[in-house]
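**Student:** To convert, note that position 24 of the sequence shown is 24 in full-length UniProt numbering; the numbers rise steadily by one, no gaps. Note that CB positions come from ideal geometry on N, CA and C, so glycine has one too. From a predicted model like this one, the values you see are computed outputs, not experimental measurements.
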Amino acid sequence: MSNSALPLIMGIESSCDETGVAFVRGCELLADEVASSVDEHARFGGVVPEVASRAHLEAMTPTVRRAAERAGVRLSDVDAIAVTAGPGLAGALLVGVSAAKAYALALDKPLYGVNHLVGHVAVDQLEHGPLPKPVVALLVSGGHTSLLLVRDLATDVRLLGETVDDAAGEAYDKVARLLSLPYPGGPPIDRAARDGDPRAIRFPRGKWGDGSYDFSFSGLKTAVARWVEDAEHAGRAVPVPDVAAAFQEAVADVLTRKAVDACREHGVRHLVISGGVAANSRLRRLAEQRCAAAGVEVRVPRPRLCTDNGAMIAALGAEVVAAGLPPSPLDLATDTSLPVGSVMAG
Ligand code: KG4
Ligand code: ZN
1 MSNSALPLIM
11 GIESSCDETG
21 VAFVRGCELL
31 ADEVASSVDE
41 HARFGGVVPE
51 VASRAHLEAM
61 TPTVRRAAER
71 AGVRLSDVDA
81 IAVTAGPGLA
91 GALLVGVSAA
101 KAYALALDKP
111 LYGVNHLVGH
121 VAVDQLEHGP
131 LPKPVVALLV
141 SGGHTSLLLV
151 RDLATDVRLL
161 GETVDDAAGE
171 AYDKVARLLS
181 LPYPGGPPID
191 RAARDGDPRA
201 IRFPRGKWGD
211 GSYDFSFSGL
221 KTAVARWVED
231 AEHAGRAVPV
241 PDVAAAFQEA
251 VADVLTRKAV
261 DACREHGVRH
271 LVISGGVAAN
281 SRLRRLAEQR
291 CAAAGVEVRV
301 PRPRLCTDNG
311 AMIAALGAEV
321 VAAGLPPSPL
331 DLATDTSLPV
341 GSVMAG
């Protein structure tokens with residue numbers, strides 16, 4: 001079957017601070033446009049929900065238009081519209097879902113309200129082709145840290161564990177602040193760590209060896225804060241590269257250890273890592289080493305696909321359409337805490 005025989009899916013994402021619109025057919029990405037409000041949040045050190053909602057409102061229609069132009073399609077060619085229904089920020093989700101409903105109604109095409117977290121896994125298909133079944137997925141971003149067992153993207157996603165407090169990216173952002181590095185904190189910590197010694201300080205690994213697949217990063221953040229405070233009180237200069245490297249080592253160590261354990265326990269030979277923190281150089285290297293030792297193949301989408309975008313939602317939309325799942329009703333509600341086991345909302 002040629003690609004043009006596959007349905008054309010428009011994907012809309014607005015769960016946090018990125019307005020994303022993309023077009024896909026099957027595993028082929030035709031266009032992926034993102035308008036980010038990250039700069040507007042930088043001075044607050046985190047996403048301000050009301051600012052994000054307003055930015056989505058302003059960006060939505062122009063982003064749809066740009067994506068259609070890039071893809072070389074007309075909106076009347078669209079076969080189905082997929083939109084993030086949750087989890088995410090209430091007001092932000094509402095903008096995307098309202099826009100998707102309007103397009104579905106105007107174009108007389110089916111609407112699919114899908115799960116943002118599962119979209120982070122599905123997006124890998126646009127880069128590396130169909131995902132093996134089953135696959136373990138490690139989602140690490142500013143908002144989520146979850147380990148999933150995915151037997152089928154459209155119908156069978158199970159939560160193995162998640163963070164009980166801060167998300168991994170949130171920990172990066174908070175530690176960056178402690179070290180007077182800019183927001184978002186992942187990239188500057190990653191860079192600073194290159195010149196540091198990860199063994200210079202031993203920071204705690206939350207929930208290490210507790211037999212669960214859950215994570216905890218708030219103790220680690222507090223440990224870094226204490227260490228920095230002690231150094232300052234003692235009048236010592238804070239060795240930023242060493243603190244960054246040791247912190248990063250603690251995060252990557254516990255994430256990769258639990259991900260590989262999950263693959264072993266469930267007899268899974270493929271791991272996919274996604275979300276903004278998947279761009280982290282130490283996490284990638286350690287995952288590759290540990291997966292190779294365990295006979296597990298690791299897939300990481302390119303950074304642009306790891307962060308929030310419309311492509312992930314369009315990719316998941318293509319899956320649920322191919323699986324023949326029924327569309328969402330036009331009174332589809334957003335769900336700020338949609339559980340990951342619900343691939344579609346409602
Ligand atoms: O997926 P994402 O763009 O947005 C959501 O949170 O959904 O992830 C953003 C997070 C931020 O916390 C940022 O600090 C982190 O990803 N991040 C990184 C790196 N690049 C981005 N964390 C560690 N190392 C990086 N290189
Ligand atoms: Zn996300």
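Spatial neighbours of Ser-53 within its chain, please: C-beta separation below 7 Å, excluding the five flanking residues on both sides.
**Tutor:** These residues qualify, in order along the chain: Gly-91, Ala-92 and Val-95.
**Student:** Does Thr-145 come out as helix, strand or coil in the three-state DSSP assignment?
**Tutor:** In the structure shown, Thr-145 sits in a strand (DSSP, three-state: E or B).
**Student:** By the 10 Å Cβ neighbour count, where 16 or more other Cβ atoms means buried, how is Thr-19 classified, buried or exposed?
**Tutor:** Thr-19 should be labelled buried.
**Student:** When you compare the CB positions of Gly-310 and Ala-104, do they come within less than 8 Å of one another, or not?
**Tutor:** Cβ atoms of Gly-310 and Ala-104: not closer than 8 Å.
**Student:** What separation, rounded to the nearest whole angstrom, lies between the Cα atoms of Pro-241 and Met-60?
**Tutor:** When rounded, the distance between both Cα atoms is 40 Å.
**Student:** Round the Cβ separation of Asn-280 and Asp-190 to the nearest angstrom and send it over; I've been treating them as touching at under 8 Å.
**Tutor:** Confirmed, about 6 Å.
**Student:** Tell me which same chain residues have a C-beta within less than 6 Å of the C-beta of Met-1, skipping the five on either side of it?
**Tutor:** In this prediction, Met-1 has a pLDDT of 44, which is less than 50 and means its spatial position is unreliable; what the coordinates show is noted afterwards. Same-chain partners within the cutoff: there are none.
**Student:** What is the rounded straight-line gap between the Cα of Glu-69 and the Cα of Ala-193?
**Tutor:** C-alpha separation (whole angstroms): 41 Å.
**Student:** If you run the structure through DSSP and keep just helix, strand and coil, what is Thr-155?
**Tutor:** Coil at Thr-155, not helix or strand.
**Student:** Taking only heavy atoms of ligand 2 into account, decide whether any of them is closer than 7 Å to the Cβ of Asp-156.
**Tutor:** Asp-156 Cβ: outside cutoff for every heavy atom of ligand 2.
**Student:** Between Val-228, Gly-235 and Pro-132, which lies nearest to Leu-179 when the distance is taken from Cα to Cα?
**Tutor:** That would be Val-228, whose Cα lies nearest to the Cα of Leu-179.
**Student:** Could you check which residue in Ala-287, Phe-23 and Ser-36 has the C-alpha nearest to that of Val-300?
**Tutor:** Closest option to Val-300, Cα to Cα, is Ala-287.
**Student:** Please identify the residue among Leu-305, Ile-9 and Ala-292 whose C-alpha is closest to the C-alpha of Gly-276.
**Tutor:** Considering only alpha carbons, the answer is Leu-305.
**Student:** With distance defined between alpha-carbon atoms, name the residue in Gly-267, Met-10 and Pro-134 nearest to Val-73.
**Tutor:** For the residues Gly-267, Met-10 and Pro-134, the minimum Cα distance to Val-73 belongs to Met-10.
**Student:** Since residue 359 and Ala-318 should fall inside the 8 Å C-beta cutoff, what is the C-beta to C-beta distance between them, to a whole number of angstroms?
**Tutor:** This structure gives no information on residue 359, because the portion of the chain shown stretches from 1 to 346.
**Student:** Confirm, please, whether the CB-CB distance from Thr-84 to Ser-141 is below 8 Å.
**Tutor:** For Ser-141 and Thr-84, no; Cβs fall outside 8 Å.
**Student:** Would you tell me roughly how many angstroms separate the C-alpha atoms of Ala-278 and Gly-185, rounded to the nearest one?
**Tutor:** Ala-278 and Gly-185: Cα-Cα distance of roughly 14 Å.
**Student:** Quick one: what does DSSP say Ile-313 is sitting in, helix, strand or coil?
**Tutor:** Note: Ile-313 maps to helix in three-state DSSP.
**Student:** What beta strand (DSSP E) runs, 3 residues minimum, are completely inside the region 12–53?
**Tutor:** The qualifying runs are 18–25 and 28–36.
**Student:** On the DSSP letters alone, give me the boundaries of the alpha helix (DSSP H) that Thr-256 sits inside.
**Tutor:** From DSSP, the alpha helix (DSSP H) with Thr-256 extends over 240–265.
**Student:** Could you tell me how far apart the beta carbons of Leu-220 and Phe-247 are, in whole angstroms, since I believe they sit closer than 8 Å?
**Tutor:** Right, their Cβ atoms sit about 7 Å apart.
**Student:** What does the shell around ligand 2 hold, if a residue joins when its beta-carbon is under 7 Å from any heavy atom?
**Tutor:** In chain order, the qualifying residues are Ser-15, Cys-16, His-116, His-120, Ser-141, Gly-143, His-144, Gly-275 and Asp-308.
**Student:** In angstroms with no decimal places, state the Cα-to-Cα distance between Cys-291 and Asp-331.
**Tutor:** Cα to Cα, the separation comes out at about 44 Å.
**Student:** Have a look at Ala-259 and Val-321 and give me their C-alpha separation to the nearest angstrom.
**Tutor:** Taking the straight line joining both Cα atoms gives about 29 Å.
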